[in-house]
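Visitor: Can you read through this structure? Questions will come right after.
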Amino acid sequence: DTAVSQTPKYLVTQMGNDKSIKCEQNLGHDTMYWYKQDSKKFLKIMFSYNNKELIINETVPNRFSPKSPDKAHLNLHINSLELGDSAVYFCASSQVRGRHTDTQYFGPGTRLTVL
Amino acid sequence: DAKTTQPNSMESNEEEPVHLPCNHSTISGTDYIHWYRQLPSQGPEYVIHGLTSNVNNRMASLAIAEDRKSSTLILHRATLRDAAVYYCILRDGAGGNDYKLSFGAGTTVTVRA
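Chains as they are written, first to last, in the working numbering: chain A, 1 to 115; chain B, 116 to 228.
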């Protein structure tokens with residue numbers, strides 16, 4: 001049973017297209033995140049939702065729009081894809097009993113390639 | 116979150132211990148020290164965390180200096196499966212709404228058979 005799952009695992013698309021990445025967690029957690037890992041392997045937070053409410057938005061372009069239909073799902077929609085959007089995107093979740101002790105559980109990642 | 120400094124890479128032989136240092140000279144009294152690792156082609160996974168006392172779990176041990184300005188993650192017997200990038204991350208225990216993990220470059224650990 002996968003705790004945090006993402007679909008698709010690989011996504012290859014043309015510049016200018018619109019695409020979505022889906023994330024689901026079956027851990028019963030309240031908080032979900034999207035991270036981006038670029039070609040230099042640096043992992044950076046993009047968004048965080050707590051009980052379907054946006055709590056972190058780290059100066060991500062407006063072309064990126066997270067959507068949380070319920071607290072078990074956090075999808076990432078990207079409009080007008082650009083070459084620089086090519087990266088691995090990771091979804092994560094945490095229970096958030098307390099910031100300093102909560103453990104984040106990560107999905108396997110979605111490798112997005114924009115041609 | 117306060118900054119941490121780690122070596123870029125370390126090598127170890129299989130079944131030998133690995134000591135991964137992390138410097139965090141600007142750590143505050145409420146910062147917890149967390150370690151995550153990222154195996155090749157996988158998402159990061161939690162390893163261990165601590166505040167002041169040394170901590171042990173089934174994956175590793177965390178030794179924290181008395182002044183808390185540095186810490187060391189110890190893998191007691193490295194296996195090939197421990198080859199990964201290890202991240203040392205400080206998290207503020209003072210409360211607030213900033214839940215993110217701030218990843219640095221980490222230490223790439225190579226395990227030789």
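Ideal Cβ placement from N, Cα and C applies to all residues, glycine included.
Predicted model only: the values in this text are computed from it and were never measured.
#1: Beta-carbon separation of residue 192(B) and residue 132(B) under 9 angstroms?
#2: For residue 113(A), I'd like the list of residues in its chain whose CB is within less than 8 angstroms of its CB, leaving aside the five on either flank, ordered along the chain.
#3: For the beta strand (DSSP E) that contains residue 135(B), what are its first and last residues?
#4: For residue 18(A), which option in 81(A), 26(A) and 104(A) has the closest C-alpha, if you only look at C-alpha atoms?
#5: For residue 173(B), which of helix, strand or coil comes out of DSSP?
#6: Buried or exposed for residue 154(B), please, with buried defined as at least 16 other CB atoms from any protein chain shown within 10 angstroms of its CB.
#7: Quick one, which residues of the stretch 153-184 of chain B are near chain A if we go by CB-CB under 9 angstroms, in chain order?
#8: According to DSSP, is residue 11(A) part of a helix, a strand, or is it coil?
#9: Taking just the CA atoms, how far does residue 162(B) sit from residue 6(A)?
#10: Using a Cβ cut-off of 9 angstroms (strictly closer), state whether residue 58(A) contacts chain B.
#11: According to DSSP, is residue 183(B) part of a helix, a strand, or is it coil?
#12: Along the stretch 59-91 of chain A, what residues have a CB closer than 7 angstroms to any CB found in chain B?
#13: Check for me: the beta strand (DSSP E) holding residue 31(A) runs from which residue to which?
#14: For residue 216(B), go through chain A and note every residue whose CB falls closer than 9 angstroms to its CB, in chain order.
#15: Quick check on this structure: which residue in 158(B), 178(B) and 149(B) has the alpha carbon closest to the alpha carbon of residue 36(A)?
Guide: Taking the coordinates as given:
#1: Looking up residue 192(B) in the second sequence gives position 77. Looking up residue 132(B) in the second sequence gives position 17. Against a cut-off of 9 angstroms, the Cβ pair of residue 132(B) and residue 192(B) comes out as a contact.
#2: To locate residue 113(A), count along the first sequence from 1; it is residue 113. Cβ within range, chain order: 10, 11, 12, 13 and 86.
#3: Residue 135(B) sits at position 20 when you count from the first residue of the second sequence. Taken as a continuous stretch (DSSP letters only), the beta strand (DSSP E) holding residue 135(B) covers 133-138.
#4: Against the first sequence, residue 18(A) aligns to sequence position 18. Residue 81(A) is the option with its Cα nearest to residue 18(A).
#5: Position 58 of the second sequence, counted from the first residue, corresponds to residue 173(B). Residue 173(B) falls in the coil class under three-state DSSP.
#6: On the second sequence, residue 154(B) is found 39 positions in, with the first residue counted as 1. With fewer than 16 Cβ atoms within 10 Å of its Cβ, residue 154(B) is classed as exposed.
#7: 153, 156, 157, 158, 159, 160, 161, 164 and 166
#8: Position 11 of the first sequence, counted from the first residue, corresponds to residue 11(A). Three-state result, residue 11(A): strand.
#9: In the first sequence, residue 6(A) corresponds to position 6, counting from 1. In the second sequence, residue 162(B) corresponds to position 47, counting from 1. One C-alpha to the other measures close to 22 angstroms.
#10: For the purposes of this step, residue 58(A) is identified with residue 58 of the first sequence, where counting begins at 1. For residue 58(A), the answer is yes, since a Cβ of chain B falls inside 9 angstroms of its Cβ.
#11: Walking along the second sequence from the start, residue 183(B) turns up at place 68. Looking at residue 183(B) - three-state DSSP - the assignment turns out to be coil, as it is neither helix nor strand.
#12: 90
#13: Reading the first sequence from its first residue, position 31 is the one you call residue 31(A). Element bounds for residue 31(A): 31-37.
#14: Within the second sequence, numbered from 1, the residue matching residue 216(B) stands at position 101. Within 9 angstroms Cβ-Cβ: 33, 35, 43, 45, 92 and 104.
#15: Mapped onto the first sequence, residue 36(A) falls at position 36. With distances taken between Cα atoms, residue 36(A) lies closest to 158(B).
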